[in-house]
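Worksheet: one structure, shown below.
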Amino acid sequence: MKRGFTCSICLDTLTDPVAIPCGHSFCLKCLTNYWDHSQKFFCPQC
C-alpha cells in the first residue's frame, strides 16, 4: 500500500479523507478525534 493513501493516525486506508493546509491528509474521523482530545488544532504529523 502506498504511504500517501494511509492515515498516519490510524495507519489504515484513508476514510473520508481531509487535507489540511500543510498538505497532510487524514481520515476525517481520526483528525476530529485527535483535535478533540488534544485541544490543539495543529497537524499531528508536522
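Residue numbers for the sequence shown follow the numbering used here, so the first one is 1 and each next one is one higher. Backbone N, C-alpha and C fix where the C-beta goes; we use that ideal spot for every residue, glycine too.
- Query: In three-state terms, what does DSSP make of Ser-25?
  - Reply: To locate residue 25, count along the sequence shown from 1; it is residue 25. Three-state DSSP puts Ser-25 in a strand.
- Thr-15, DSSP secondary structure in three states: Here residue 15 corresponds to residue number 15 of the sequence shown, with the count starting at 1. Looking at Thr-15 - three-state DSSP - the assignment turns out to be coil, as it is neither helix nor strand.
- Message: Since Cys-7 and Cys-22 should fall inside the 8 Å C-beta cutoff, what is the C-beta to C-beta distance between them, to a whole number of angstroms?
- Response: On the sequence shown, residue 7 is found 7 positions in, with the first residue counted as 1. On the sequence shown, residue 22 is found 22 positions in, with the first residue counted as 1. No, Cys-7 and Cys-22 are not in contact; Cβ-Cβ is about 15 Å, not under 8 Å.
- Measuring CA to CA, which of Ser-25, Cys-10, Gln-39 is closest to Cys-46? Taking the sequence shown and counting its residues from 1, the one referred to as residue 46 is at position 46. Taking only the C-alpha atoms, the option nearest Cys-46 is Ser-25.
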